Every structure is written in C-alpha cells, then in structure tokens.
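When we follow the UniProt record's numbering, the leftmost residue of the sequence shown carries the number 1, and every step to the right adds one.
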Amino acid sequence: MTPTRPLSQARTLALLVPAIALTGALGSQYIGHLYPCEMCHWQRWPHYAALALALTAFATRDSKATRPLVLLAALAIFISGAIGVFHAGVEYRWWEGFTTCTGLPNGAAGGDIMAQILAAPIVRCDQAQWTLGGISLAGFNALLSIPAAIAIWVLCLKQR
1 MTPTRPLSQA RTLALLVPAI ALTGALGSQY IGHLYPCEMC HWQRWPHYAA
51 LALALTAFAT RDSKATRPLV LLAALAIFIS GAIGVFHAGV EYRWWEGFTT
101 CTGLPNGAAG GDIMAQILAA PIVRCDQAQW TLGGISLAGF NALLSIPAAI
151 AIWVLCLKQR
C-alpha cells in the first residue's frame, strides 16, 4: 500500500527540512568559515537522525511503517528546533547556558584555572557569530524546525 497524499507530503517535508538545515549549517561552516560551537553540534544531531528516518521512510513501501518513521523524524526536527530556542536564548542573554562554552571557567570548580582557560573551546556558545535582522543561526534553526515539525505532525494526522 502506497502512502496517501498527506503522508507523502509529510515524508517529503521530513526529508527536506533536515537536508536544508544541515546544508545551511555545513555550508556556513565550510564555505562561510563560521565554526560551530558545542550547542551548534547539539542542533545538528537530531537533524542527522531525522534525515536517516526520512530516508528510511522513503525506502519503505508500506504506509503503516512509513507513518511512524515520519512522526519520529518530525520529533527529531522539533528537538533540534527546541535546542535552537535554548541556544538562541543563551546568545541573547535571556538565560545562562550550562556548558563550558558559555563563559570562562570559575575557580570554584577546582583545579588549575589556567589549564581550564586553555582547555576552553575557542568558539563560544553565548556569542552569535552571524545574525540577519537580529536573528542568529540558532534562531533560524528554531524558526525553520519547529513549524516544520508541527506541519509534518498535522499532515500525518490528516493521514488518519
């Protein structure tokens, strides 16, 4: 049984969104020389998973198996967007991050402060490397991923 039109659209969207997001992320890294911080990598992992799930959904001919794969891909896309919201909030100083790339280490953690400073990542998570209209790349990921995930879920619900 082949997937219905809404499920087919959801499957296509589940493939295109992470492909576009990862192309943008990798392009900005390797062409634009914007090196990712730790939280940038966190946003990529769910997109990698979503891409694999969507490709598997395309390889599957049974719509009963396709739908759960597409729903899982949508969940992964949503998770990436949620991480993007958190990362953008750290960049805009709305809240504090909880990684070593969001500030200098403090002496209370113990150990040699100079060794901690030298071991700290070069790219900081709390400073946006690039913005457009005041929106960072993490913000753009959130603006792309969360609505797309919701659209995929809605299309999958139409499948019922």
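C-beta: ideal position from N, C-alpha, C; glycine also.
Quick caveat: nothing in here was measured; it's all calculated off a predicted structure.
When you compare only the Cα positions, how much space is there between Glu91 and Ala57? Cα to Cα, the separation comes out at about 35 Å.
Closest by CA to residue 205, which one among Leu22, His33 and Ile152? Beyond the ends of the chain as shown, which are 1 and 160, falls residue 205; an answer cannot be given.
Output the distance between the C-alpha atoms of Cys40 and Ile152, rounded to the nearest integer angstrom. 23 Å
Classify Trp42 as buried or exposed, calling it buried when 16 or more other Cβ atoms lie within 10 Å of its own Cβ. buried
Apart from the five residues just before and just after Leu72, which ones in its own chain have a Cβ nearer than 6 Å to its Cβ? Leu53
My understanding is that Leu144 touches Ser63, with C-beta atoms under 8 Å, so please give their C-beta distance in whole angstroms. Incorrect: roughly 26 Å between the Cβ atoms, too far for contact.
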